[in-house]
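> Pasting a structure here, questions to come.
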Amino acid sequence: MSDLPYLNGYPVDLVERVRHLMTQGRLGPWLQRRYPDRHTIQTDKELYQYVKELKQRYLKNTAALAKVYFYNRQNPIKGTLGTNTFVSRPRGGKLKSKNEIRIAALFRDAPEAFLRMIVIHELAHLKEKEHNKSFYQLCCHMAPHYHQWEFDMRVWLTWRERSSIHHTDGQ
1 MSDLPYLNGY
11 PVDLVERVRH
21 LMTQGRLGPW
31 LQRRYPDRHT
41 IQTDKELYQY
51 VKELKQRYLK
61 NTAALAKVYF
71 YNRQNPIKGT
81 LGTNTFVSRP
91 RGGKLKSKNE
101 IRIAALFRDA
111 PEAFLRMIVI
121 HELAHLKEKE
131 HNKSFYQLCC
141 HMAPHYHQWE
151 FDMRVWLTWR
161 ERSSIHHTDG
171 Q
């Protein structure tokens with residue numbers, strides 16, 4: 001496993017550029033220039049409204065969302081930055097189903113592009129369950145910069161984690 005787990009699977013030259021910026025202390029400033037603005041969505045109610053508007057714009061004919069909320073138990077290293085669950089429960093002889101989207105709470109402090117990328121990823125699962133070609137085409141339809149945002153978000157997670165390690169070590 002790489003010392004930069006969020007960047008596993010990316011080309012070596014890209015990972016080396018990130019590593020180089022990090023060792024020079026320039027990764028944080030680079031991210032700040034690229035994504036200077038943080039979003040203002042802080043509550044589950046605001047997140048629900050944000051997701052609902054994107055769903056209405058791109059996926060009108062998909063199942064309704066019962067809940068959307070920031071979730072503190074997401075584990076970015078294991079790949080769970082967001083989840084889309086489909087819950088079925090028996091109610092009065094019928095099977096009731098609900099869709100829920102959970103977004104890792106760390107995205108409260110992220111640039112808006114990264115929150116949007118995660119939300120679009122989870123919304124795409126309403127239509128495409130698997131991470132296949134159709135899934136990524138749908139993500140790119142909703143956000144033409146989807147792949148760049150995903151890479152940059154992984155760089156941001158790397159920087160964020162490394163910055164917290166250095167702060168707790170007293171460096």
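Residues in the sequence shown are numbered from 1 upward in steps of one, following UniProt numbering.
No residue lacks a Cβ here, since even glycine has one placed at the ideal position from N, Cα and C.
Treat the numbers as computed from the prediction; the structure is a model and nothing was measured.
Counting along the chain, where does the alpha helix (DSSP H) carrying A113 start and finish?
Run containing A113: 112-124, per the alpha helix (DSSP H) assignment.
> Out of V15, E16, L65, D44, point me to the one whose CA is closest to F107's CA.
The shortest Cα separation from F107 among V15, E16, L65, D44 belongs to D44.
> Does the separation of the CB atoms of M142 and I120 fall below 8 angstroms?
Yes, they are a contact pair.
> Decide yes or no for the touch test of the stretch 54-73 against the stretch 98-116: beta carbon pairs closer than 8 angstroms, at least 3 of them.
Because the criterion of three Cβ pairs below 8 angstroms is met, the stretch 54-73 and the stretch 98-116 touch.
> Quick test of the definition: if touching needs 3 or more C-beta pairs under 8 angstroms, does the stretch 11-26 touch the stretch 34-53?
No: the two stretches stay apart, fewer than three of their Cβ pairs being nearer than 8 angstroms.
> With distances taken between CB atoms, is the gap from E100 to A64 smaller than 8 angstroms?
No; because the gap between Cβ atoms is not below 8 angstroms, this pair is not in contact.
> Can you tell me the Cα-Cα spacing of C140 and H20, whole angstroms?
Using only the alpha carbons, I get a separation of about 29 angstroms.
> Once DSSP output is grouped into helix, strand and coil, what is the label at R34?
Helix.
> Mapping DSSP to helix, strand and coil, what is E130?
Three-state DSSP puts E130 in coil, outside helix and strand.
> Please identify the residue among Y6, R57, R116 whose C-alpha is closest to the C-alpha of T40.
Ranking the options by Cα distance to T40, first place goes to R116.
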